[in-house]
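Student: According to the numbering used here, the stretch in the sequence shown is residues 189 to 996, in order.
The structure is given below, and queries will be raised subsequently.
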Amino acid sequence: MEQSTPYHLISVLMLGVISQIGQVLILRELLMVFHGNELSIGIILSAWLAWVGLGSRLGARVVNRWGRPVFLLKTTAAAVLLLLPLTILTIRTLRGFFDVLPGAYLTLPEMLLSCFIVTAPVCLLTGSQFVFLSRVWREKDKSLDTTGAGKTYVGEATGNMLGGILFTFVLVHLLNPFQSSMLVAGLMLAAVMLIVPVRPSLRPRALAAVPVVLAAAVLLFFSLDHLDRWAHQVQWKQAAPQHQLVDTHESRLGNIAVLKRQDQYSFFQSGHLVFSTAGPETLVPGLEGQEAVSFAHLAMVQHQAPERVLLIGGGLRGTLAEIIKHPVQKVDYIELDKKLVQTAAAHVHPGSLEVLDDPRVNLMYTDARLFVKRAAQKYDMIIVDSPDPTTAAMNRFYTREFFEEARRSLNPRGVLVAGTASTPDLRGTAIANRNTALFHTLDDTFSRVLVAGDRFMFYFASDDPHQVSVDPVELQKRYQNRNIQTDGFSGVHFQVLLEESQLRRVNWVVRHHGRTPGAHLEGPPAVPISPGPVLQQVYEQEELPSVEDDFFINSDFRPIAYYYTLMYWSELTRKDSGEYLKRLLQVQKRWILPLMALPVIWVLTLRLTGSRLGRRMDTSLAVTGTAFSTGLCTMVLQVALLFAFQNIYGFVYELIGLIVGMFMLGLALGAYVTQRLVQRKSSLSILMLVQAAMGGLAALMGIILPLASGIQSPAAVFALFSGITFSAGMINGVNFPLAAACSMALSRRAEHAAGKIYGAELLGACLGAILASVLVAPLFGIVACCILAALANLTAFAVLLAAGRSYE
């Protein structure tokens, strides 16, 4: 029996590894289908957690009725080996199951349905494996309590940490998703098979079969490379049937896909369009090239004498090639993903690549937010040529915090230029809200902000009112004085791009919209027949009512422009699909209070019945509620931490992997310490203290996170986030064995108690993932996530208090 101990531990660790890597693989694949939309992360995680929780409950029933936990483990491990690659294949064909046009987003209900269907098989099996392993460990120890579940909980959490690190640093760089899934599922199956040693009489046969099995596994492993390419072809045939998939690569930031239509190449990352450009065979710039040309020259003439320029994104689509035609001395060009640039190099126009050899150009691979925050030099211009804020990652370059950081990095007469998609006269509530929010956010930071554009809106911001201008005569003069020669653009274009009546209308809209309660639901007011000149509007703006900050100031801690962008794109591509997001805008913060009061009232009602059954029911409800609230709290805090870390530090996925690893390390340590040191695990008083501690930590995070945005040192930021995440994980880890022991004291059934508490914790995490990602973080902010988490634990504390402190 003792010889099997390492195999028990390995099996539990592999359960954590396969859970974490499987979750990451499915998350990345679904994000491609959902165009990189981070709102879907909460839906994906909630589906995963809900099915794992249900799987643990079903697993408890199965093992209690049938026994034979080792046999059940082997069966489910073999099933996961088959089902995980099939799940990835199903996800890549997912759009074919819906009536959705190419390029259109799936609606929130369609995302919800998709996630809950495709994750069900794998998650039900991995959830049941937790209970099976708990039973195996309990039988090995010959115990009657829930210590087996506690050990399994610790081992799985440790495996989760190892799996996250393994995938982030190794697998994503070496293997495709099918190979990664087969590798970890195969290791899980192998570990389970070793729990019970092979009988001596069967060892010769087993040893003889090993080379055959290994050879078959290696052959299948390498054949999965062809399956991966074929599955990508099917996926993009559904998403963009008029395009040809010419190249794919796996990057630490997501799958990179290159699509071609005629002579235009489009580059996608995690299903999100990064940029499009003319291909190497193009002789004359097409539409995509013309957009880059117009953007570059209209931006560069906003400064009278730009010498040092910082360009964020857009260089490979042609913007950089046009910028250096101006008399600049230095252009620092930033791209985040080196793999994307290397992939693009084989497909973009030669002119876009030759410019990288210009001695004035300095290409850097780093996170632009982090670079701007720490920049030692000052710039005459900062040009943001990033995609619209259709994801939280892109929104980081349109927030008040970024604009303030950019302002500090500009010379006193410096200029910031950015641009987003628009509609004529800002028609449509969603696009008017988004572009108005960006204008007000810039106007809250800079002294002078002007906008221009019809189907594309330019934002020009500076503290020097004499630099930025929308006067076509003035800008044409600046352009001609520089003697610039370029195809597809001349001084006459300024007259077309800056038509007077259109300029007056769009400037009037962004200056007047967003200044009344409910403006985000009603849309902009009607534009006068003849708005005044733009400069007159600038001076009259001081007399207007103040801006409704909650819905028209975009920040790292409240990314409302990102939410409006999703509304706009949904309205543009799917009839009535934007209504789901618009309805969520009507949610009020105060609605949470009655929901928090309901469980307390319920328990008090049961308590006041005076019956023994009522007292046991209220205690059982209170104990289960602590697991539910802990799961909800920790998931909401994880979402808040990841959003905040991403916004403050940047998209450094290796470090985010370590942050998640810190949470799992705290989880494992908290559960381990509780198992070893706490003698009275079934004490309701100790369980109450844990809820109070978690609530206090959540409230403290709400204070600390906004202050963390001002920290300049990346090491200090990482240490702070690691410490907070470790603390949250440790308290969560402490709660599980305590709640499981309390539940065991009530039901007297070990696996039933473990499955019930594990399932309740995952159900709470499921709800927390949806609430935080879809509603609370984008609409009410990251601090609101912390408040929600604190209220959840406060409610659990109150329910325990109302239920009493004994099992009598």
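Backbone N, C-alpha and C fix where the C-beta goes; we use that ideal spot for every residue, glycine too.
Are the region 290-297 and the region 217-229 touching, with three or more C-beta to C-beta distances below 8 Å?
Tutor: yes
Student: Helix, strand or coil for residue 263 per DSSP?
Tutor: helix
Student: Mind checking whether residue 589 and residue 743 have CB atoms under 8 Å apart?
Tutor: Yes, the pair counts as a contact, with Cβ atoms nearer than the cut-off.
Student: Just to confirm before moving on: does the CB-CB distance between residue 207 and residue 348 stay below 8 Å?
Tutor: yes
Student: Let me check understanding here. Comparing Cα to Cα, which of 779, 872, 645 and 710 lies closest to residue 979?
Tutor: Selection 779, 872, 645 and 710 evaluated against residue 979 yields 779 as nearest (Cα-Cα).
Student: Helix, strand or coil, according to DSSP, for residue 457 in the structure here?
Tutor: strand
Student: Based on DSSP bridge pairs, tell me the residues matched to residue 746.
Tutor: 743
Student: Leaving aside the five residues before and after residue 376 along the sequence, list all residues of the same chain whose C-beta is less than 6 Å from its C-beta, in chain order.
Tutor: Apart from sequence neighbours up to five positions away, the residues of its chain that approach residue 376 with a beta-carbon distance below 6 Å are 202, 206 and 265, ordered along the chain.
Student: Suppose you measure from the CA of residue 391 to the CA of residue 259; what does that come to, to the nearest Å?
Tutor: Per-residue confidence for residue 391 stands at a pLDDT of 47, beneath the threshold of 50, marking its modelled position as unreliable; no derived number is given.
Student: Tell me which same chain residues have a C-beta within less than 8 Å of the C-beta of residue 474, skipping the five on either side of it?
Tutor: Legend: pLDDT at residue 474 = 49, less than 50; position of this residue unreliable, no value from coordinates given.
Student: Can you grab the Cα-Cα spacing for the pair residue 991 / residue 820, in whole Å?
Tutor: 21 Å
Student: Residue 380 to residue 914, Cα distance in whole Å?
Tutor: About 30 Å.
Student: Rounding to the nearest angstrom, what Cα-Cα distance links residue 254 and residue 247 in this structure?
Tutor: Cα to Cα, residue 254 sits roughly 10 Å from residue 247.
Student: Pick out the complete alpha helix (DSSP H) segments inside the region 902-972, 4 residues or longer, and give them in chain order.
Tutor: 902-935 and 938-958
Student: Distance, Cα to Cα, residue 694 vs residue 758?
Tutor: 23 Å
Student: On the three-state DSSP scale, how would you describe residue 851?
Tutor: helix
Student: Could you name the residues that DSSP lists as bridge partners for residue 432?
Tutor: 448
Student: Under the assumption that residue 507 contacts residue 444 (Cβ atoms under 8 Å), give the Cβ distance between them as a whole number of angstroms.
Tutor: Contact doesn't hold; Cβ gap of about 20 Å is too wide.
Student: To which residues does DSSP link residue 465 through a beta bridge?
Tutor: 453
Student: Tell me the DSSP secondary structure of residue 210 in three-state form.
Tutor: If DSSP states are grouped into helix, strand and coil, residue 210 belongs with the helices.
Student: If you compare alpha carbons, which of 424, 664 and 708 is closest to residue 491?
Tutor: Cα-wise, what sits closest to residue 491 is 664.
Student: In terms of DSSP beta bridges, what is residue 595 paired with?
Tutor: Partner(s): none; residue 595 has no beta bridge.
Student: In the DSSP assignment, find the alpha helix (DSSP H) that holds residue 522 and state where it starts and stops.
Tutor: Note, residue 522: premise wrong, no alpha helix (DSSP H); beta strand (DSSP E) at 518-523.
Student: Express the C-alpha separation of residue 585 and residue 563 in angstroms, rounding to a whole number.
Tutor: 16 Å
Student: Take the Cβ of residue 942 as the centre, count every other Cβ of all protein chains shown within 10 Å, and call the residue buried at 16 or more, exposed below.
Tutor: Its Cβ being crowded by 16 or more others within 10 Å, residue 942 is buried.
Student: Does the region 877-891 come close enough to the region 821-832 that 3 or more CB-CB pairs lie under 8 Å?
Tutor: Yes: at least three Cβ pairs fall under 8 Å.
Student: How about residue 280 and residue 420: are their beta carbons less than 8 Å apart?
Tutor: yes
Student: Using three-state DSSP, classify residue 568 as helix, strand or coil.
Tutor: strand
Student: Pick out whichever of 857, 488, 982 and 324 has its Cα sitting closest to the Cα of residue 646.
Tutor: 488
Student: If residue 210 and residue 312 are in contact, beta carbons under 8 Å, what's the gap, nearest whole angstrom?
Tutor: Incorrect: roughly 13 Å between the Cβ atoms, too far for contact.
Student: Would the region 569-581 and the region 604-612 be scored as touching if the rule is three or more Cβ pairs under 8 Å?
Tutor: yes
Student: Taking all protein chains shown into account, do 16 or more other C-beta atoms lie within 10 angstroms of the C-beta of residue 865, making it buried, or fewer, making it exposed?
Tutor: Answer is exposed; the Cβ neighbour count stays below 16.
Student: Roughly how many angstroms lie between the CA atoms of residue 572 and residue 853, to the nearest whole one?
Tutor: 38 Å
Student: Residue 438 by DSSP, collapsed to three states: which one?
Tutor: Looking at residue 438 - three-state DSSP - the assignment turns out to be strand.
Student: According to DSSP, what are the bridge partners of residue 319?
Tutor: Answer is none; residue 319 lacks a bridge partner.
Student: Measure the CB-CB distance between residue 551 and residue 521 and report whether it falls below 8 Å.
Tutor: Yes, they are a contact pair.
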